[in-house]
Structures are given as structure tokens and as C-alpha cells.
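Following: one structure in C-alpha cells, then a few remarks.
In the numbering used here, the protein residues as written are 6 to 224.
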């Protein structure tokens, strides 16, 4: 639901991956944003109206994304699709991060673009900042770029994970992403990006600010 820039992009991406797509918008002119050659259904109507949803094929839908520019419309549509038609895979875009958290706790997955965008800007403008690159408050995990004491250089990624309880997702080394194995050694200049349980974030920083308890691996 919603054929703005986000909705049109999603529709094209889903279709390019072999999915059958229907897109709903209140204004027919919005469909001009769709990629050329789009083969899916274009349904003009109110996205939480049952007749509109049925015309779009909601009764056979695998997933539903509410990405219009109205928070109320998005959450209402998501609830109707899940609670009335039993579609489990739903997500609603909510601009207000406070409301997004409330609905997330009620079981409606939400995407709040404002905090995510601000986190990305902070990460790029303040590269030494340890703010989260991504947070999923519903499950209590975050993706963070973690800073480490130079004494960790030469130690394997596996040792860092055991000491902190994080899972290293990737390293940035010489400007390129590297997916580490358990034997990969931390090198000088590495940026370490890890999945961190949010309740352990403070402990992770404390552990990595100190020298590891084991000797450095011989090169």
C-alpha cells in the first residue's frame, strides 16, 4: 500500500525476484512512479478498505507492506490485513519513532525511517562514534561498529566474540568489506562491525577498551 518512491521501488524489486505484486494507492497518478514494464496489479482505492484489499488479492497474499505517507493509514491497513485476513508477514512504515515502538510491542512490525537515517548520518559524520548502525528494539539486538584497544590487534575474531558475547558480522579492511572466519585475525586499521545484544553494549565497550587476557597469536 502506497505508491510513493518507497512503494514503487519495493514493487519493482519484488517483481524482479519473481513475485506477483499488487500495489494500492489512493491516487491513480501515483502509479507513474512504477518501473517501466511493471506487470503487477494497480489498484486505486483506500488501502485499508476491505473491497480494495480483496481486489488486490489479499486473501492469497504472502506478505503486505504499508508504506504510504500516513502513519494512521499504515498501521490500520497492517492490522486489517493481519487480523482479518490472517497474513502473517506484514510491516508498516511509521514516521513517528515513539509510535513505531508502541505498535512494535503490539506485534505489528514497523520501520521508522527517522532514527535509522539519523544513525546512518551519525556513523558517517562521526566515524569514531559507537552509536548503533541498526537497532531492533523488539528483539534487543543492534549492529554496532565497535572500538577496540590496540592490544587486540593480532587476536582472532573468535576470541573477541567469546570475550564480549557479540557476533562479528564483518570487518572493513583497507576500505573493503571482509566476512571473517573464526581464524581471522584483527589487524591494525580494521573497522569491526558486530551484532551486539543491547543489554551488553556497555560491557562490550569495557571489555574491548582493555587488553585481552590471552597472548597475541604469533604471525
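Every residue, glycine too, gets a C-beta built ideally from N, C-alpha and C.
State the CB to CB distance for the pair residue 158 and residue 188, rounded to an integer number of angstroms; the pair is presumed to be in contact (CB under 8 angstroms).
Not quite, the Cβ-Cβ distance comes to about 15 angstroms (not below 8 angstroms), so this is no contact.
Could you give the residue range of the alpha helix (DSSP H) that holds residue 99?
Element bounds for residue 99: n/a, residue is neither H nor E.
Whose CA, out of 170, 79, 179, lies closest to the CA of residue 200?
170
Which first and last residues belong to the alpha helix (DSSP H) in which residue 30 is found?
First-last for residue 30: 27 to 30, but that is the beta strand (DSSP E), not the alpha helix (DSSP H).
How would you label residue 3, buried or exposed, when you count the other beta carbons within 10 angstroms and need 16 or more for buried?
The displayed coordinates of the chain run from 6 to 224. Any statement about residue 3 would go beyond what the structure contains.
Just verifying my parser: in three-state terms, what is the DSSP assignment at residue 140?
strand
Along the beta strand (DSSP E) that carries residue 176, what are the first and last residues, could you check?
172 to 178
Restricting to Cα atoms, I'd like to know which of 184, 53, 202 is closest to residue 4.
This structure gives no information on residue 4, because the portion of the chain shown stretches from 6 to 224.
Check each candidate in 160, 205, 208, 203 and name the one with the smallest Cα separation from residue 186.
160
Tell me the DSSP secondary structure of residue 225 in three-state form.
For the chain, the structure presents residues 6 to 224; residue 225 sits outside this window and is missing.
Can you look up residue 87 in the DSSP assignment and give me helix, strand or coil?
helix
Should residue 153 go down as buried or exposed, given a rule of 16 or more other Cβ atoms within 10 Å for buried?
buried
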